[in-house]
Amino acid sequence: GIEQKESPQDLVNALHGTFGAHHARAVHTKGVMVVGTFVPAKDARSITKASVFEMGKLPVVARFSLFAGVPDIPDTANGAAPTGLAIKIKAKDGTEYDFATDQHNGFVVATSDEFANFLRLVGESGPGVAHPTPLETFLNTHPVSKHFVETLTSPASYATATFFGINSFKWTNAAGKSAFVRYRFVPRAGERYLRPEELKTMGPNYLQDEIVARIAKAPVEFDWYAQIAEDGDKIEDPSIAWPESRKLVKLGTFTFDRLPADKDVADKQTLFLPGTSHPGIDPADPMLTFRNHTYPISFGERQ
Ligand code: HEM
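Under the working numbering, the residue at position 26 of the sequence shown is numbered 348, and the numbers go up by one with no gaps.
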């Protein structure tokens with residue numbers, strides 16, 4: 323495995339150090355919750371024995387969010403991207419299947435230790451700091467991270483972005499055959515992102531307001547796919563995307579059709595744990611296990 327110097331609490335502290343201390347999510351703080359259903363696709367069972375794919379239609383809660391750990395950040399600000407989509411499927415046996423994904427195919431760095439370092443550099447490179455800032459110096463020697471920040475996009479709507487699971491899982495089917503997979507959630511509405519000059523014309527809550535208005539008129543749908551790794555694809559390095567030529571297996575469809583009855587209660591009480599094991603589904607990237615230890619710390623601090 324990969325050695326970790328920084329603990330989950332260190333990462334929560336690093337997030338607060340960069341974005342500010344408050345009693346809300348340490349990152350992806352500004353968000354909007356939606357409610358709906360999941361319907362599995364039949365091909366899912368060819369690659370996993372997970373029972374969630376045998377239960378028919380199931381209830382789902384989900385949350386769209388901006389990246390930054392800043393509660394009132396404008397949807398148009400630097401730090402809003404990459405936006406996130408977290409989903410929880412509530413299975414009939416009480417099991418919860420959770421995902422927390424974002425808009426960029428590939429993480430900004432490879433490990434949780436590097437993420438702590440990156441967050442501190444962002445914190446040291448705010449307005450008024452002389453150029454090159456510590457962050458600029460880092461980016462000039464780290465092409466993968468530089469590519470990440472230079473290729474961030476702003477969706478026209480939360481319903482028109484593709485969201486990526488980024489970290490790898492090992493899936494095992496009923497015959498005992500395993501494959502490494504990464505998730506993606508593809509909008510039925512089609513992808514659309516804003517040009518910088520379009521983004522400038524948008525209001526500070528444009529994403530949040532638009533998704534609420536859209537769902538009031540018609541359901542918002544995403545298809546869930548597993549991208550299947552081939553030999554040589556990086557399993558433990560989430561900063562390296564797998565080639566687009568890799569096979570995609572459709573796993574099912576999410577339909578978000580309303581808001582939760584009490585949105586503030588739902589937001590506060592919901593914790594997504596994206597690195598949980600289930601029969602047929604095992605985390606294969608140490609960052610997933612790390613995330614499962616980190617999110618509950620932030621959850622505890624925001625109760
Ligand atoms: C070492 C790496 C990471 C750390 C330390 C980290 C940390 C956190 C923390 C502390 C939260 C707040 C949890 C809560 O209060 O409920 C959070 C939320 C979130 N993270 Fe991460 N994260 C990491 C990697 C990732 C990656 C790779 C993705 C995308 C694939 C991601 C997507 C999200 C999303 C979408 C949320 C919001 C969940 C919600 O709406 O409740 N994170 N993260």
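Yeah, the Cβ is synthetic: ideal placement off N, Cα and C, and Gly gets one too.
None of these values were measured; they are calculated from a predicted model.
Please report the Cβ distance between residue i and residue j, rounded to the nearest whole angstrom; I am assuming they are in contact, meaning their Cβ atoms lie under 8 Å.
i: I603; j: A348; result: Their Cβ separation, rounded to whole angstroms, is 26 Å, which puts I603 and A348 out of contact at 8 Å.
i: S561; j: A432; result: 5 Å
i: D394; j: K352; result: 7 Å
i: A481; j: R536; result: 6 Å
Measure the CB-CB distance between residue i and residue j and report whether it falls below 8 Å.
i: Y515; j: T475; result: yes
i: D545; j: V508; result: yes
i: A548; j: V534; result: no
i: G358; j: V382; result: yes
i: F576; j: F360; result: yes
i: V430; j: S490; result: no
i: K569; j: I550; result: yes
Of the choices the options, whose alpha-carbon is the least far from that of residue i?
i: L593; options: K410, L570, K522; result: K410
i: S447; options: G353, K352, F341, T616; result: F341
i: T405; options: R613, P393, H426, T417; result: H426
i: G574; options: V383, F486, P362, G498; result: P362
i: M524; options: S479, W564, N489; result: S479
i: T494; options: D584, H600, K522; result: H600
i: A402; options: Y528, L581, K569, P618; result: Y528
i: E325; options: F612, P618, L457; result: F612
Compute the Euclidean distance between the alpha carbons of residue i and residue j, then round it to the nearest angstrom.
i: F386; j: A501; result: 29 Å
i: D531; j: A496; result: 44 Å
i: D589; j: F486; result: 22 Å
i: E623; j: R510; result: 36 Å
i: L333; j: A408; result: 20 Å
i: A538; j: V356; result: 11 Å
i: D584; j: T423; result: 24 Å
i: P526; j: P605; result: 36 Å
i: E376; j: K414; result: 10 Å
i: D555; j: H338; result: 34 Å
i: L380; j: K412; result: 6 Å
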